[in-house]
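Enquirer: Below is one structure. I have some questions about it.
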Amino acid sequence: MFVRHEAEFPWDGGRGSGPQQPPDPLPPHLRDLLWCLRRTAMLRPLGQGRDAHVHLLLQRGFGDGGLGLEHLLRCLVVGLARRATRPIHLHQPCRPQISDDEWRLLTGLAEAARPDRVAAVLAPLVGSRGAELAPVLAGIAALLPR
Numbered sequence: 001m002f003v004r005h006e007a008e009f010p011w012d013g014g015r016g017s018g019p020q021q022p023p024d025p026l027p028p029h030l031r032d033l034l035w036c037l038r039r040t041a042m043l044r045p046l047g048q049g050r051d052a053h054v055h056l057l058l059q060r061g062f063g064d065g066g067l068g069l070e071h072l073l074r075c076l077v078v079g080l081a082r083r084a085t086r087p088i089h090l091h092q093p094c095r096p097q098i099s100d101d102e103w104r105l106l107t108g109l110a111e112a113a114r115p116d117r118v119a120a121v122l123a124p125l126v127g128s129r130g131a132e133l134a135p136v137l138a139g140i141a142a143l144l145p146r
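Heads up: the sequence shown begins at 1 in full-length UniProt numbering, then just goes up one per residue.
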């Protein structure tokens with residue numbers, strides 16, 4: 001259900017002549033969370049197993065809440081896969097750009113306290129079932145630093 005979204009990435013072969021990237025719009029903790037989400041979505045079978053790199057980053061970056069975040073990210077990935085009305089575009093973990101679908105997920109995370117807003121934000125991804133993911137996003141939001 002998740003699609004690699006890399007086709008339009010201009011690669012200059014490492015010569016440094018490629019386009020300038022805009023400054024990172026995300027704070028470090030959200031950048032780490034997005035990296036972990038992307039990496040978790042790559043696991044097969046979906047939602048099974050544990051990625052050691054994700055586990056380590058979440059434990060180091062979020063302390064005791066890291067284990068809960070890891071579980072909730074797996075729940076989010078499985079929930080999205082089961083409810084998606086179309087393929088969801090996630091970039092490769094190391095890519096600095098953020099896809100439109102990733103922005104929707106981050107916006108849903110920011111609106112996690114309001115299930116009606118989460119449903120509206122996630123509607124293009126999961127149709128009328130967006131509110132079902134609100135508790136997962138609220139759990140993730142509760143474990144993030146303020």
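Glycine included, each C-beta is placed from N, C-alpha and C at the ideal position.
Here the structure is a predicted model, which is why all the values come from computation and not from measurement.
Does the region 37-51 come within contact of the region 109-119, defined as at least 3 CB pairs closer than 8 Å?
Expert: no
Enquirer: At the level of alpha carbons, what is the spacing between residue 203 and R50?
Expert: No statement about residue 203 is possible, as the shown extent of the chain runs from 1 to 146 and does not include it.
Enquirer: So with Cβ pairs under 8 Å, would you call A131 a contact of chain D?
Expert: Absent from the structure: chain D. Only one protein chain is present.
Enquirer: Can you tell which of A110, P145, T85 has the C-alpha that lies nearest to the C-alpha of A138?
Expert: A110
Enquirer: Indicate whether A141 and G130 have their beta-carbon atoms separated by less than 8 Å.
Expert: Not closer than 8 Å, so no.
Enquirer: For A142, which three-state DSSP category applies?
Expert: helix
Enquirer: Under three-state DSSP, which class holds L90?
Expert: Three-state result, L90: strand.
Enquirer: I need the boundaries of the alpha helix (DSSP H) containing L105, first residue and last residue.
Expert: 100-110
Enquirer: Please work out which residues of its chain come closer than 8 Å, Cβ to Cβ, to S128, disregarding the five sequence neighbours upstream and downstream, and give them in chain order.
Expert: A119
Enquirer: Look at the alpha carbon of L73 and the alpha carbon of W35, and state the distance between them as a whole number of angstroms.
Expert: 11 Å
Enquirer: So, with DSSP's three-state summary, where would you put R95?
Expert: coil
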